[in-house]
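The numbering used here applies: residue 2 is where the sequence shown begins, and numbers increase by one.
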Amino acid sequence: MLNIAIMGFGTVGSGIAEVISGSYALVKSRLGDDINIKRILDLRDFPDSPYANRVTHDFNDILNDDSISVVAETMGGVGAAYKYTKALLEAGKHVVTSNKELVAAHGVELLRIADKRGVRYLYEGSVGGGIPLIRPITESLAHDDITEITGILNGTTNFILTQMASGFSFDEALREAQRLGYAEADPTADVDGHDACRKICILAAVAFGVLIPSDEVSCRGIRGLTLDHINAAAEKNRAVRLIARARRLPNGKIEAEVAPFEVVMTSPLHSVEGVFNGVLLHGTMTGDVMFYGRGAGSLPTASAVVADIIDCGSQNGCSKKQRLWEDGTGLYVLPEDGSVAGLGDRIEL
Ligand code: HSE
């Protein structure tokens, strides 16, 4: 029996329970064992939930329970989530997460602790919602030298931009994104581009092996964009998209930015609409590769976390060696060119 715990029973955390119960037979067969959600840590109680009797408010109930070997951290933030993740890894438990803020801020350190303790810190759910990205980059493209990543990495802003193109106001579209469980608790992280910025830093770290500090990266969101921008782009057969991109330069420096772009119709990112994310990679051997799928929402993101739980809980997965990241402080450079061949033009507000 694989006993797991979930820390944070919000949109993603409750989605994990739903994915496990809804796909129980498949999860069991992939895992080669039964799975049991033994504890759920949250500040709230959930009296109407079938998991009500597993809820605890005390982290030590998870940390000190030797039967729990895998913990899903879906609390978000870098406060308690950081402290708890560190303690769990040091105690020899695997941790899987959808917390991009934490991975982008402390990934170098947390991966090292996991490595030292012989456990895994997996973060497939932190980027691209339900799109398998981290595992394909680290495993299927392990042989390739990835030089460039360009993507739509925030479902909320892409949903807002798509709704605005159909005539809805920014506020109406944001409210709907919040209702559908796409937006962060504080949606300014979505709207101002910080969420996409953390995600591009994580993807760059996965692809280039170096984590650049996300607060150094030039980051502009969609605040200030109006229907005029969207209509002006449409007149040129272009679509406004919030683009996150990173490129490894031959001198080892890393160029990156998040900004709204007028995307040309021939780009595969032009047709990425609604909550969907799209990510284009360029590998020296493979050439261009595109990933596409739902970038936010309870079940897609929870699915990515559950895949990581299965990986940690299965015999083959739990002993796999993870690639560590170097600290990329000082390696960041601002992209000079706002006009990108095959993609379009940065919108300067
Ligand atoms: N708020 C995020 C988004 C959730 O809209 O993409 C998924 O990381």
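For each residue, glycine too, the CB sits at the ideal point set by N, CA and C. Treat the numbers as computed from the prediction; the structure is a model and nothing was measured.
Give me whichever residues DSSP pairs with glycine 69 in a beta bridge.
The sequence shown places isoleucine at residue 69, not glycine. Paired residue(s): Asn4.
Does the beta-carbon distance from glycine 296 to glycine 194 come in below 8 Å?
no
Please determine, among Asp346, Ile147, Ala303, the residue with the shortest C-alpha to C-alpha distance to glycine 284.
Ile147
Just the C-alpha distance for alanine 260 and isoleucine 114, rounded to the nearest angstrom, thanks.
34 Å
Assess, as a yes-or-no matter, whether the segment 80-94 is touched by the segment 47-59 under the definition of 3 or more beta carbon pairs within less than 8 Å.
no
Quick one: what does DSSP say leucine 175 is sitting in, helix, strand or coil?
Three-state DSSP puts leucine 175 in a helix.
So within the segment 62-106, which uninterrupted beta strand (DSSP E) runs reach at least 3 residues, ignoring any that extend past its ends?
69-74, 95-98
Give the secondary structure of methionine 286 by DSSP, where H, G and I count as helix, E and B as strand, and everything else as coil.
Of the three classes helix, strand and coil, the one that applies to methionine 286 here is coil, per DSSP.
Using C-beta distances below 6 Å, list every residue in its chain close to tyrosine 124, excluding the 5 sequence neighbours before and after it, in chain order.
Thr98, Val104, listed in sequence order.
Give me the Cα-Cα distance between glycine 235 and aspartate 191, rounded to the nearest whole angstrom.
Checking the sequence shown, residue 235 turns out to be alanine, not glycine. Taking the straight line joining both Cα atoms gives about 23 Å.
Looking only at its own chain, which residues have a Cβ that is under 7 Å from the Cβ of alanine 178, when we skip the five neighbours before and after it?
Thr157, Phe160, Ile161, Ala184
Neighbourhood of aspartate 35 by C-beta distance below 8 Å, restricted to the same chain and skipping five residues each side
Here the set comprises Met2, Leu3, Lys29.
Return helix, strand or coil for serine 272, following the three-state DSSP convention.
coil
Taking 7 Å as the cut-off, does the CB of alanine 297 come closer than this to any heavy atom belonging to the ligand NAP?
No copy of the ligand NAP occurs in the structure displayed; its ligands are the ligand HSE alone.
Could you give the distance in angstroms between the alpha-carbon of threonine 330 and the alpha-carbon of valine 218?
Between the alpha carbons of threonine 330 and valine 218 lies a distance of about 11 Å.
Please list the terminal residues of the continuous beta strand (DSSP E) segment that includes valine 259.
255-264
Closest by C-alpha distance to isoleucine 311, when choosing among Met8, Asn37, Thr12, Ser15:
Asn37
Comparing the CB of tyrosine 124 with every heavy atom of the ligand HSE, is any distance shorter than 7 Å?
no
Using CA atoms only, rank isn't needed, just tell me which of Gly339, Gly288, Ala342, Arg242 is closest to leucine 142.
Nearest to leucine 142 by C-alpha distance, out of Gly339, Gly288, Ala342, Arg242, is Gly288.
Per-residue DSSP class, three states only, for lysine 39:
Secondary structure of lysine 39 (DSSP, three-state): strand.
Residues near glycine 279 in its chain [Cβ-Cβ closer than 8 Å; skip 5 each side]:
Gly152, Ile153, Pro269, Leu270, Val273, Met291, Phe292, Tyr293
Please tell me whether isoleucine 213 and isoleucine 255 are closer than 8 Å, where the distance is taken between their beta carbons.
yes
Going by DSSP, what residue range makes up the beta strand (DSSP E) through alanine 243?
It is leucine, not alanine, that sits at residue 243 in the sequence shown. Element bounds for leucine 243: 240-249.
Tell me which residues share the same chain as arginine 90 and place their Cβ nearer than 7 Å to its Cβ, disregarding the 5 neighbours each side in the sequence.
The identity of residue 90 in the sequence shown is leucine, whereas the question assumes arginine. So the list reads Val96, Leu111, Ile114, Ala115, Arg118, Val120, Tyr122, once near-sequence residues are dropped.
Taking the C-alpha atoms as reference points, what is the distance between isoleucine 135 and valine 207?
7 Å
Should glutamine 316 go down as buried or exposed, given a rule of 16 or more other Cβ atoms within 10 Å for buried?
exposed
Just the C-alpha distance for cysteine 202 and serine 167, rounded to the nearest angstrom, thanks.
The alpha-carbon atoms of cysteine 202 and serine 167 are separated by roughly 31 Å.
Where do the ends of the beta strand (DSSP E) carrying aspartate 346 lie?
Here the beta strand (DSSP E) through aspartate 346 covers 345-347.
Rounded straight-line distance, which links the Cα of threonine 302 to that of valine 276
Taking the straight line joining both Cα atoms gives about 12 Å.
Under the three-state reduction of DSSP, which class applies to leucine 123: helix, strand or coil?
strand
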